[in-house]
Every structure is written in structure tokens, then in C-alpha cells.
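Presented below is the structure to which this report refers.
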Amino acid sequence: MTPSEFDSLADAMLERIARAVEASGADCDCEPKGSGVLELEFADGSRIVVNRHSAARQIWVAARSGGYHFRWDGSGWVDTREGGELLAALSKLVSEQSKRAVVLR
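Residue numbers for the sequence shown, in our numbering: 11 to 115.
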């Protein structure tokens, strides 16, 4: 995958995440913070930061519970450690930090 192909895939996923968070009704502010960075801020002041890491060709997620790396496997973004899917992992993280069940699609 070329760097521009990665950036296009990652940016499309960041846009999808932003739309999914807005549609979910989660109690958080979802703000793009520049090129390839999306920040979710919760009522308690905690944050989840989702960003593309072009050098590693991964999407990285930083949350209160830790850091996660997702790579493109040809059909989706998969956790490099546990194999979980990005939106499923974010659903869990957003639910934990918003203290409300959230499913991102």
C-alpha cells in the first residue's frame, strides 16, 4: 500500500468514526484536530484520541485504559495485539468513558 493509499483509507475511517460517534448519541464532543487526528472529549474531562500513524501505516487510539494500534488487513482495521475490529474496540472504550452503552457502526 502506498503512503497516499494509506492516508486515504485512514482518513475515511476517521470520518466514519466521527459520524458514528455523532449518530450514537454518546455524551462527548467529537472534534477533528488537524491532519489525521480525531479527539473525543467526555463530560468528566477524559479523552480518546484517534490518529493515523503514517510511518507505521496504522491507526492509533489513546484512551484512559491504554493505547491500541490497528492495521489494515485488506478488509478492515484490526488490533495488532488481540485481532479485534476498530469500531468494536472504540464502542467499548466510548462506553467505558461515557458511562453509557454505545455501539458505533
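Where is the CB? At the ideal position from N, CA and C, for every residue including glycine.
(message) Check this for me: beta carbons of I58 and L96, under 9 Å apart or not?
(response) For this step, residue 58 is matched to residue 48 along the sequence shown. For this step, residue 96 is matched to residue 86 along the sequence shown. No, the pair does not count as a contact, with Cβ atoms beyond the cut-off.
(message) Between the alpha carbons of S105 and D54, how many angstroms are there, rounded?
(response) What you label residue 105 is simply residue 95 of the sequence shown in a count that begins at 1. What you label residue 54 is simply residue 44 of the sequence shown in a count that begins at 1. Here the C-alpha atom of S105 lies approximately 13 Å from the C-alpha atom of D54.
(message) According to DSSP, simplified to helix, strand and coil, what is A22?
(response) What you label residue 22 is simply residue 12 of the sequence shown in a count that begins at 1. Note: A22 maps to helix in three-state DSSP.
(request) Within its chain, find whatever has a CB closer than 8 Å to the CB of L48; leave out the 5 residues flanking it on each side and keep chain order. (result) Residue numbering aside, residue 48 sits at position 38 when the sequence shown is read from its first letter. Within the same chain, L48 has close Cβ partners L24, I27, A28, C40, E41, P42, V59, V60, N61.
(request) Would you kindly work out how many angstroms separate the C-alpha atoms of G77 and T90, rounded to a whole number? (result) Within the sequence shown, the letter at position 67 stands for residue 77. Within the sequence shown, the letter at position 80 stands for residue 90. For G77 and T90, the distance between alpha carbons rounds to 11 Å.
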